[in-house]
Amino acid sequence: MSGKLYEARNLVQRYNGREALNVQHLAIEEGEAVFLTGPNGCGKSTLLRLLAFLERPAAGELRYAGGAEGRKEATLLLQDPYLLHMSVFNNVALGLKFRNQTGELRQVFECCMQAAGFADPWNFADRGPRELSGGELQRVALASRLALRPRVLLLDEPTANVDAASARALAQAVKNCNADGITVVCATHDPALLRAIDAREIRLGTSWDMDACASPL
Ligand code: ADP
Ligand code: MG
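Just so we're aligned: 214 in our numbering is position 201 of the sequence shown, and the numbers increase by one with no gaps anywhere.
Laid out in structure tokens, this is it:
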């Protein structure tokens with residue numbers, strides 16, 4: 014798969030017998046930044062779930078360079094992420110605790126929160142999810158994913174429900190992640206986000222011919 018992190022052929026997802034996604038061919042290179050655009054209901058979120066290996070496709074092939082490690086290496090940030098009812102610190106540290114990497118928790122917390130745009134992470138460490146704005150919550154959720162050092166960061170309309178300052182911080186964070194070598198695939202309609210990151214755009218369509226579904230590769 015020379016350089017390709019993902020390669021999909023004739024990838025189909027169906028829910029209750031209805032086709033939600035049909036992509037003839039899609040390739041994503043390691044280290045690439047890709048935007049998924051297209052009208053509501055065209056399958057962006059569905060494709061992200063498949064790329065995160067949270068669902069199996071109804072038909073077709075999805076190859077990943079890391080093989081079965083995809084579940085661990087790819088992380089999906091949802092549009093309205095859910096934080097557990099514990100402190101921000103514990104939300105960010107939880108994944109590392111599960112992996113028994115507890116030696117470096119404070120350092121990782123600081124570093125990932127800063128990467129997610131928090132200039133003073135310790136000011137947020139003891140807060141609960143209800144003491145955060147929508148934008149702060151989205152960025153804490155991003156920090157919690159960065160703590161696991163993902164190879165692929167999948168984002169589903171990350172700026173849809175956040176204030177302008179958080180949207181800018183998120184754009185910068187995603188840009189930095191990609192500069193650090195993380196492959197980024199982001200569904201978005203947000204013109205500011207599309208402008209902020211130099212990424213290839215793949216337009217999904219509601220008619221499933223090759224041209225409407227994915228840009229030429
Ligand atoms: P987008 O993110 O581009 O708005 P989605 O991937 O959410 O599109 O949805 C694609 C299509 O699949 C839509 O018609 C949607 O209603 C349908 N769909 C998505 N998820 C499910 C599901 N879990 N069950 C049934 N239908 C779904
Ligand atoms: Mg969606």
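Glycine included, each C-beta is placed from N, C-alpha and C at the ideal position.
- Comparing alpha-carbon positions, the option among T196, M99 and A209 lying closest to S157 turns out to be M99.
- For a cut-off of 8 Å, the C-beta gap from V197 to N191 is around 5 Å, short enough to register as a contact.
- Boundaries of the alpha helix (DSSP H) harbouring Q120: L118 to A128, taken from the DSSP string.
- Taking every protein chain shown into account, the CB of Q151 has 16 or more other CB atoms within 10 angstroms, so this residue is buried.
- In the DSSP annotation of this structure, the continuous segment of the alpha helix (DSSP H) that includes N104 starts and ends at V101 to F111.
- Secondary structure of R22 (DSSP, three-state): strand.
- For L75, the pairing in a beta bridge is given by DSSP as A21.
- Judged by their CB atoms, N103 and V153 are not nearer to each other than the 8 Å cut-off.
- Per the C-alpha coordinates, the member of H202, A72 and A128 positioned closest to Q92 is H202.
- According to the DSSP assignment, T59 belongs to the alpha helix (DSSP H) that extends over K57 to L64.
- Going by DSSP, R216 is part of no alpha helix (DSSP H) but of the beta strand (DSSP E) stretching over R213 to R216.
- As a beta-bridge residue in DSSP terms, N35 pairs with V25.
- Between the alpha carbons of K17 and E42 lies a distance of about 4 Å.
- Closest by C-alpha distance to A78, out of Y28, R213 and R164, is R164.
- Between A160 and V187 the beta-carbon gap is near 16 Å, outside 8 Å, which marks them as no contact.
- Residues S100, V101 and F102 of the same chain have their beta carbon placed closer than 8 Å to that of D139, with the five preceding and five following residues left out of the count.
- Rounded to whole angstroms, the separation of the alpha carbons of N23 and G73 is 5 Å.
- According to the DSSP secondary-structure assignment, D139 is paired through a beta bridge with no residue.
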